[in-house]
Amino acid sequence: MASSAPARSRTHRRAFAAGAAAFALAGTAILAGSLTGTANAATTTAAWPTPTKSKPVPATIEVSGVYDGKMQRFYGSGDLGDGGQNENQSPLFQLKDGAVLSNVVIGAPGADGIHCLGTCTLKNVWWEDVGEDAASFKGKSASAVYRVEGGGAKKASDKVFQFNGAGTLTVTGGFQVADFGKLVRSCGNCSTQYKRKVVVDNVDATAPGKALVGINSNYGDSATLRSVRIHGDSSKKIKPCVRYEGNNTGTEPKVLGSGPDGTYCRYSASDITYN
């Protein structure tokens with residue numbers, strides 16, 4: 005009888021130890037699941053907005069000051085409604101120097117999207133089906149500043165943003181691009197050329213796509229990339245930055261190379277993540 009008490013004590017200790025181990029394993033599994041969920045959430049892009057209503061645009065809307073589209077879908081009609089890739093199409097919106105366009109959905113046909121004639125801000129603008137280009141930046145001053153903050157664009161067989169003018173173009177704020185040729189292209193063969201600066205910061209790009217930025221190194225262009233997330237491109241076909249030899253004669257520009265070089269294509273491997 006005297007030996008039975010220690011036996012029960014050992015049994016209780018073993019049971020307690022087993023329970024504690026099971027609890028620890030369960031806790032580890034919960035923590036791991038939580039961390040995995042957090043990681044998955046971090047690699048998921050935000051949902052595209054649902055337009056409040058649709059509005060046909062038969063003639064270019066001129067914008068000076070601030071224009072709030074209230075999340076309406078604007079699409080080309082009449083002369084703006086052929087849906088082609090003609091280089092000489094008119095835009096749905098034309099922004100004067102200093103204008104701000106916000107909360108707009110560009111539907112199809114999108115004509116030539118948006119033209120900025122000088123410093124401008126595009127805030128929370130979404131292109132459902134890019135026409136010729138989503139937006140073209142045409143200011144002539146080296147001090148011009150163009151900002152694309154948030155929003156997104158998809159179905160761009162060629163360029164999303166055409167940078168024809170002078171100054172600095174920044175694409176940021178979690179902008180999303182999917183199914184595209186190039187996110188930003190510094191004009192490779194415009195009759196008047198400028199030194200252009202491009203910044204791509206906090207952007208999600210989803211394959212298929214060809215390149216994030218194309219610049220003309222012979223004109224002193226530069227592209228800075230930070231916090232760029234590329235999705236669905238395990239083979240890394242999307243090139244972050246491509247250097248060209250631009251010209252002002254209208255001929256096809258020559259590709260000089262791609263990848264970071266510290267001068268024209270400014271980024272490191274840690275600035276680009278693949279999900």
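In my numbering, the protein residues as written are 5 to 279. Even for Gly, the Cβ is constructed at its ideal location relative to N, Cα and C.
Straight-line CA distance for P95 to V232? 29 Å
Any heavy atom of the ligand SAM inside 6 Å of the beta-carbon of D101? In terms of ligand content, the structure shown is empty, and the ligand SAM therefore cannot be addressed.
Across which residues does DSSP place A273 in a beta bridge pair? For A273, which the question treats as bridged, DSSP gives no partner whatsoever.
Which residues share a DSSP beta bridge with Y71? L105
Please list the terminal residues of the continuous beta strand (DSSP E) segment that includes P60. For P60, the enclosing beta strand (DSSP E) covers residues S58 to V61.
If we count the other Cβ atoms within 10 Å of its Cβ and call it buried at 16 or more, is P60 buried or exposed? An exposed status is given to P60, since fewer than 16 other beta-carbon atoms sit within 10 Å of its beta-carbon.
First through last residue of the beta strand (DSSP E) which encompasses A209: Taken as a continuous stretch (DSSP letters only), the beta strand (DSSP E) holding A209 covers R200 to T210.
Provide the residue(s) that pair with G171 in DSSP beta bridges, ordered along the chain. R200
Just the Cα atoms here: how many angstroms apart are N168 and F141? 6 Å
Could you say which of V104, G73, I65 and L99 lies nearest to T56 if we only look at CA atoms? Of the candidates V104, G73, I65 and L99, the one whose C-alpha sits nearest the C-alpha of T56 is G73.
Based on the DSSP secondary-structure assignment, which residues constitute the bridge partners of V164? Looking at the DSSP assignment, V164 forms no beta bridge with any residue, so it has no partner.
Can you give me the C-alpha to C-alpha distance between L84 and L126, rounded to a whole angstrom? 21 Å
With distances taken between CB atoms, is the gap from F179 to A160 smaller than 7 Å? no
Would DSSP call S226 helix, strand or coil? strand
Cβ-based neighbour list, Y271, same chain, cut-off 6 Å, excluding 5 preceding and 5 following: If the five residues before and after Y271 are omitted, its C-beta is found closer than 6 Å to the C-beta atoms of L229 and P264, all from its own chain and listed in chain order.
Here's the rule: buried if 16 or more other CB atoms are within 10 angstroms of the residue's CB, otherwise exposed. What is A227? buried
So what does N220 bridge to, in DSSP terms? Y248
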